[in-house]
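Residue numbers (the working numbering): 263 to 432.
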Amino acid sequence: MEEAVSKTEFRNAMARVCAPVNVITTNGPAGRGGFTATAMCSVTDEPPTLLVCMNSRSAQTAMFLENHRFCVNVLSHDHRELAGKFAGSTADMEARYASADWIAMPSGTDALADAIVSFDCELSEARLVGSHHIFIGRIAGIRSRPDGNALLYFDRNYVHVPTQLGSFGG
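What follows is the structure in structure tokens.
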């Protein structure tokens, strides 16, 4: 079957989708790791579950699978530099972690102390789809703060919304 949409066309279209920026962390028997991702969303609230996507070519993939837990830290616009470090501008993992304050969650994962919200997850399923692993995480704990403006990614740039725009009724 011939591909109807090219990889480049798809990637360019996805760049036009605004998404929150997250640092996904893990800590456990396989070590301490973390990466920046926009591919995160809720799955269900019975039980509370979310998913994140990680490039399967990442050197950290095995670590996340072996640790069997991860934490999704939703970043504020103040975390732009941290997002870059966890996206790979800083190779050394300890240097990445040294650039922020962290709190250990009950599962042992690291939550960013001033994240807008942190979801402590137990890996319940991992599935390889194309070039990425989809990690399904059951929420074991949540930390949040009442303020802060989310760091967003749009058109291959970090952006932020300076004020709340209101609600659509949700």
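Heads up, the beta-carbon is just placed ideally off N, CA and C, and yes, glycines get one too.
Residue i (DSSP reduced to helix, strand or coil)
{"i": "LEU337", "result": "coil"}
{"i": "ASN317", "result": "strand"}
{"i": "ARG407", "result": "coil"}
{"i": "ARG400", "result": "strand"}
{"i": "ALA266", "result": "coil"}
{"i": "ALA277", "result": "coil"}
{"i": "ARG418", "result": "coil"}
{"i": "ALA412", "result": "strand"}
C-beta contact flag for residue i and residue j at 8 angstroms
{"i": "ASN329", "j": "PRO291", "result": "yes"}
{"i": "VAL334", "j": "PHE381", "result": "yes"}
{"i": "TRP364", "j": "ALA357", "result": "no"}
{"i": "PRO309", "j": "ARG400", "result": "yes"}
{"i": "ILE398", "j": "THR311", "result": "yes"}
{"i": "ASP354", "j": "THR287", "result": "no"}
{"i": "ARG278", "j": "ASP409", "result": "no"}
{"i": "ALA301", "j": "CYS315", "result": "yes"}
{"i": "VAL285", "j": "ALA345", "result": "yes"}
{"i": "LEU390", "j": "ARG331", "result": "no"}
{"i": "SER393", "j": "SER318", "result": "yes"}
{"i": "ASN289", "j": "GLY370", "result": "yes"}
Nearest-angstrom Cβ-Cβ length linking residue i and residue j, presumed shorter than 8 angstroms
{"i": "PHE326", "j": "GLY295", "result": "7 angstroms"}
Any chain E beta carbon closer than 8 angstroms to residue i
{"i": "VAL423", "result": "Absent from the structure: chain E. Only one protein chain is present."}
Open item on the list: Within 8 angstroms, do at least three Cβ pairs link the segment 409–420 to the segment 336–356?
Closed with: yes
TODO: Tell me the start and end of each unbroken alpha helix (DSSP H) in the segment 363–389 that is at least 4 residues and wholly inside, in chain order.
DONE: none
TODO: Mind listing, in chain order, the continuous beta strand (DSSP E) runs of no fewer than 3 residues lying wholly within the segment 281–328?
DONE: 284–290, 293–299, 302–307 and 310–317
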